[in-house]
Structure formats: structure tokens, C-alpha cells
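The structure under discussion appears below in the form of C-alpha cells.
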Amino acid sequence: MRTRAAVALEAGKPLEIMEVNLEGPKAGEVLVEIKATGICHTDEFTRSGADPEGLFPAILGHEGAGVVLEVGEGVTSLKPGDHVIPLYTPECRQCEYCLNPKTNLCQAIRTTQGQGVMPDGTSRFSMLDGTPILHYMGCSTFANHTVLPEIALAKINPDAPFDKVCYIGCGVTTGIGAVINTAKVEIGSRAIVFGLGGIGLNVVQGLRLAGADQIVGVDLNNDKQAMAEHFGMTDFVNPSEVDGDLVAHLVELTKGGADYTFDATGNVNVMRTALEAAHKGWGESIVIGVAPAGAEISTRPFQLVTGRVWRGTAFGGASGRTDVPKIVDWYMDGKIEIDPMITHTLTLDEINKGFDLMHAGESIRAVVVF
Ligand code: NAD
Ligand code: DAO
Ligand code: ZN
1 MRTRAAVALE AGKPLEIMEV NLEGPKAGEV LVEIKATGIC HTDEFTRSGA
51 DPEGLFPAIL GHEGAGVVLE VGEGVTSLKP GDHVIPLYTP ECRQCEYCLN
101 PKTNLCQAIR TTQGQGVMPD GTSRFSMLDG TPILHYMGCS TFANHTVLPE
151 IALAKINPDA PFDKVCYIGC GVTTGIGAVI NTAKVEIGSR AIVFGLGGIG
201 LNVVQGLRLA GADQIVGVDL NNDKQAMAEH FGMTDFVNPS EVDGDLVAHL
251 VELTKGGADY TFDATGNVNV MRTALEAAHK GWGESIVIGV APAGAEISTR
301 PFQLVTGRVW RGTAFGGASG RTDVPKIVDW YMDGKIEIDP MITHTLTLDE
351 INKGFDLMHA GESIRAVVVF
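Under full-length UniProt numbering, the residues of the sequence shown are numbered 1 to 370, in order.
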């Protein structure tokens, strides 16, 4: 079949909207009509050329929602008409990683996914002249239709609005999951969230859901304060307005350091501040942000000797096929909020505007609706 897609032809260039060929689903695969997709920082990391593992030409996008149109041979858990969210972290429920409750990093299709191809080693997308186009993060949601492995699709409530729940495909789950699955925050905790963007705001609402008493938000941009307060932030700190040492200021504000701190900036200096602002003896710091290629974190080892813990999280520690449908239900039941974070809605033809809004710091999430 043919479909319309935003194609990343070369690193650093705007995406090009074009008709592409899409082969139907092979065994174990599913054809999905994408109805909406968020534009995330990670798409920009790859589009811009900053991602050393970025491959081109490719169809980017990994935060989508849509409807199953056709299933390949052997697919048993999905049928045409099912509503789904693509998963860049799949859940095969059989590999050594899926069988270990300590991780969500299913490895069943890891190698081929990283190479931009389906598990059989080939791409389903090509240019009209036959040149192959690579998949991205196993999802390629910047296309009106895409093909995914069955294990990379979460079946969701059919009443859920695509233009909102697509955000659960990355940002919402990453932020809330970091609190609930990775940190396992207890009621009454004190927490600090560094970076109040698309991920940090969801950490803030995850902390409110977990019953944290104090939720300190840290951001260089004062415009982020009002939205973060709406989602549960109790104190706001702009590091550029703090006299003296930021760690000392945060330790004092949280009466000895926070039980939990979260980096949602991707800046390794911020990651160090986050670790050192965690409480001596028990404070845990969770790294969510993805740092630039080659960047390294450092601190004095004595920070760990004296009981602070440094931990990382991918996709909020969520096992997608199991957890994503539950998070969609939380949204449908009003337990979590998404709508105010979808600040812009665009057509596929306007997708490059979504990246401009991100650079200008004007959007939390821009969503393309097909
Ligand atoms: P964003 O740009 O929307 O938000 C980042 C926020 O950090 C902005 O509000 C910015 O003003 C603030 N900030 C920047 N530098 C700062 C500093 N020095 N001190 C305080 N605040 C600062 O980005 P996002 O979409 O929220 O993503 C955040 C990070 O999470 C990115 O690195 C992204 O790649 C990563 N991410 C990780 C996962 C995962 O599974 N671990 C998933 C998705 C995204
Ligand atoms: O299993 O080795 C692996 C890869 C897991 C990929 C996890 C990616 C999480 C961070 C990327 C940001 C996603 C938007
Ligand atoms: Zn697995």
C-alpha cells in the first residue's frame, strides 16, 4: 500500500512529507493506522544528528496511538479494529529480561530494532523508487500507517481519545513510571524534580499520585512554574535566581535533602546536583534525561558511601503491554491529567513547526493528528 509520512532524509534537515510504500504485515506483525503522534525530544535528538546511532533515511516518531487494520500470520492477541499504542520498549513476556521483575528492558527484538528494521532484518517502508526507508525505535509513528511486531503494541480502551493518549506512548509513562515503578515513592516523601518539561511535569503528577508531601520543581524557565503548580508542585526554584550553592539551598528547602530526586533535563551537571541534593543515608536520585553523546556523570564517591543511591529508568520502568492499558484507564477515570500538556495540535504537513515550538520552549507536547 501507499501512505503519507514525514521522512528524515538526512541528519539536520527538516522532515519531508511524502508518499511512501508500505508492505503489509508478515508473520507476527501488525499493520496500524496511526491516528495521532506526539513529537518528543528524542525524535529531535535523532533528527538533528546529535544521536550517534541515528540512521537515515528513516521515519521517526515513537509516541503514537492508532487502530489495527490487519494482522499477520500467527498474531493472536490483536485483531482489526483494536485500538493500540506502539511500544518502543516491547514486552514479549518470554525473554530472560521479561521474566525478571527487576527490569522492563525486553530484549526480544533489541538488535534489529536498533538497526531500523523489523525482526526479519528488512524494512516495510520504501521510497516510491524502491529505496528502503528505515523504521525508528520500532515504531515510526510519523507515518499515517506503520507496521510493528505484535509484542510492541499495547491494546487500549477504545473510548480513549487518540490525540491525548498518544502521549502515554512515551512522556506520561516515563514520568509517572519513574515515580511509581523505579523510585517506588512512599506517601509523605519529599522530592525534587529537575526540568519541568514534557517528562518532568509527569514526574510531578506521579509524585502527587504517590502522595508525596513536598514536590520541589527546578527549572531555568520561570514560565514552567504555573503549569507545574497545576500538576502538584509545592515549591519552585530557578537556579539562576539562587544566591550561593544550589545543592545547599535545596537541602535546606527539603529539611536535610530529598527522599527522591529526578533528573528530567539530560544535563550531566544537573544530574550531579540531583544526586547531591538527595538525603544523606537514604536519598535516591533517578536519572531520566538522556545526555548528549559522550557525556559522563561524576560525583565524589563519598556521596554514595554515605547512603545516596543513583538509579536510571527507561520508559518509566513500565512493561508496556501490561502497564500502558492501565495508564490509559487512569486517564479515562480522571486519576491523571493529560489535556493541559497537549499545548499544540498540528497536521502532518505542519510537523516541522512542532520541532520549532520545542526549540522555542513554547510547547510541552505538540501532537500531529492524521
Ligand atoms: P523538555 O525540553 O520538554 O524539558 C526539559 C526542561 O528542562 C525544560 O523545561 C528546560 O527549561 C529545563 N532545563 C534545561 N536545563 C536545565 C537546567 N540546567 N536546570 C534546570 N532546568 C533545566 O524535555 P523533555 O521532553 O521533558 O525530556 C527531558 C529529558 O528526558 C530529555 O533528555 C529526553 O531525551 C529524556 N527522555 C528520557 C526517557 C527515558 O525513558 N529515560 C524517555 C523520554 C525522554
Ligand atoms: O534494551 O538496550 C536496550 C535499549 C532500551 C532503550 C530504552 C530507551 C530509553 C530512553 C530513550 C528515550 C526514549 C524516548
Ligand atoms: Zn522480552
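Glycine is no exception: its CB is placed at the ideal position from the N, C-alpha and C atoms.
Treat the numbers as computed from the prediction; the structure is a model and nothing was measured.
- Close CB contacts of Leu78 within its chain, under the 8 Å cut and outside five residues either way in sequence, are with Val30, Val68, Val71, Val84, Glu150, Leu153 and Lys155 (chain order).
- Taken in chain order, the whole alpha helix (DSSP H) runs of length 4 or more contained in the stretch 94 to 175 are 110 to 114 and 162 to 165.
- Between the beta-carbon of Ala11 and that of Leu134 there is about 13 Å, and that puts the pair past the 8 Å contact cut.
- Going by C-alpha positions, Phe355 is about 7 Å away from Glu44.
- Remark: the C-beta of Ala314 is outside contact range of the ligand ZN, defined as less than 7 Å to any heavy atom.
- Counted as a single uninterrupted DSSP element, the stretch harbouring Arg365 is not any alpha helix (DSSP H) but the beta strand (DSSP E) occupying residues Arg365 to Val369.
- One thing to note: Ala291 has its Cβ no nearer than 8 Å to the Cβ of Leu250.
- Listed as beta-bridge partners of Asp235 by DSSP are Val216.
- Judged by DSSP secondary structure, Asp349 falls outside any beta strand (DSSP E); it is assigned neither H nor E.
- Burial is judged here by how many other beta carbons sit within 10 angstroms of a residue's own beta carbon; Asp219 has at least 16 and is buried.
- Comparing C-alpha distances from Thr37 to each of Gly74, Ser140, Glu63 and Thr343 shows the shortest one belongs to Glu63.
- Taking the C-beta atoms as reference points, Ala178 is found no nearer than 8 Å to Val216.
- A direct Cα-Cα distance of roughly 9 Å separates Cys166 from Pro86.
- In this structure, Asn221 has its CB closer than 7 Å to one or more heavy atoms of the ligand NAD.
- In the three-state DSSP reduction, Pro86 falls in the strand class (E or B).
- In the DSSP secondary-structure assignment, Ala191 is bridged to Ile215 and Tyr260.
- Between Ala264 and Ile180 a beta carbon distance of about 15 Å is seen, past the 8 Å cut, so the two are scored as non-contacting.
- Cβ-Cβ distances below 6 Å link Gln113 to Gly138 in the same chain, with the five nearest sequence neighbours on each side left out; the list follows chain order.
- When C-alpha distances from Ala183 are compared across Trp310, Phe142, Gly66 and Leu304, the shortest belongs to Trp310.
- In the pairwise beta carbon analysis, the stretch 158 to 174 is classified as not touching the stretch 95 to 107: fewer than three pairs are separated by under 8 Å.
- Pairing Ile109 with Pro119, the inter-Cα distance amounts to about 6 Å.
- Secondary structure of Gly198 (DSSP, three-state): coil.
- Put simply, the backbone Cα of Val270 is about 9 Å away from that of Gly195.
- In this structure, DSSP gives Ser240 a helical state, which the three-state scheme calls helix.
- Placement of the Cβ of Pro90 at a distance of 7 Å or more from every heavy atom of the ligand NAD is found.
- Residue environment: Arg308 is assigned as buried (16 or more neighbouring CB atoms within 10 Å of its CB, all protein chains considered).
- Note that the C-beta distance between Gly257 and His279 is below 8 Å.
- Per the DSSP secondary-structure output, Ser285 pairs in a beta bridge with Thr261 and Trp310.
- Annotated as proximal: Gly283 and Asp259, with beta-carbon spacing under 8 Å.
- Assignment of Glu44 by DSSP, reduced to helix, strand and coil, places it in the helix class.
- One Cα belongs to Arg2, the other to Asp213, and the distance between them is close to 52 Å.
- For Ala108, the distance from the CB to the nearest heavy atom of the ligand ZN is below 7 Å.
- The criterion of a C-beta distance shorter than 8 Å is satisfied by Glu33 and Gly66.
- Counting along the chain, Gly334 sits inside no alpha helix (DSSP H), nor does DSSP assign it H or E at all.
- At least 8 Å separates the beta-carbon of Ile364 from that of Gly232.
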